[in-house]
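*Asks:* Counting in this note's numbering, the sequence shown runs from 11 upward without gaps. Every residue, glycine too, gets a C-beta built ideally from N, C-alpha and C. Everything numeric in this text was worked out from a predicted model, so none of it was measured.
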Amino acid sequence: MTEETLKSNILEMLEETFVQTRGIYLDRAKGGLLETLEKISAETASIEFRNQRSIAAHIEHTRVYLVALHGYMNGATSPTDWDASWQTHTVTELEWRILRDNLKVTYEALMKDLEKLDDNDVKLSEGIAILVHSAYHFGAIRQLVLQR
11 MTEETLKSNI LEMLEETFVQ TRGIYLDRAK GGLLETLEKI SAETASIEFR NQRSIAAHIE
71 HTRVYLVALH GYMNGATSPT DWDASWQTHT VTELEWRILR DNLKVTYEAL MKDLEKLDDN
131 DVKLSEGIAI LVHSAYHFGA IRQLVLQR
């Protein structure tokens, strides 16, 4: 059994958010974000409900957020164009698959870097921010799915 640390908790909760629901804070039966997205068609991902952004837009924004904070964690200082991160609206099945694949690849690269950090590295704060931000968008996506 590994010692419970801030780092191990962040990694477990990020994994729960994106990949494998264990019941830490999500319902086990509903799955993580990546599994949830596999069940959504491009048509559904493209719908904008009552002036809310589409699921596709939430996914691209979340991916850009992961890229930006991963970059900040590694010393990047360039600003991020947050408005551009919301410009994905309607997607084809191919574009939808690419969006999902890009999110997964970005998540996996981030996790590899987080795993290399010491248990008390200040860079873990980026992991906390990513967890909270991603969980928010995952919740928004679940609500959008219910509205379809």
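Please name the residue, chosen from Tyr35, Asn19, Glu105, Glu45, that lies closest to His66 on a Cα-to-Cα basis.
*Replies:* Residue 66 is actually Ala in this sequence, not His. With distances taken between Cα atoms, Ala66 lies closest to Glu105.
*Asks:* Ends of the alpha helix (DSSP H) at Glu105?
*Replies:* Element bounds for Glu105: 103–126.
*Asks:* Should Leu79 and Ala139 be called a contact, given that it needs their Cβ atoms to be closer than 9 Å?
*Replies:* Closer than 9 Å, so yes.
*Asks:* Roughly how many angstroms lie between the CA atoms of Val77 and Arg107, to the nearest whole one?
*Replies:* If you take the alpha carbons of Val77 and Arg107, they lie about 18 Å apart.
*Asks:* With a cut-off of 9 Å, does the C-beta of Ala52 fall near any C-beta of chain B?
*Replies:* Checking the listed chains, one finds no chain B in this structure; it contains a single protein chain.
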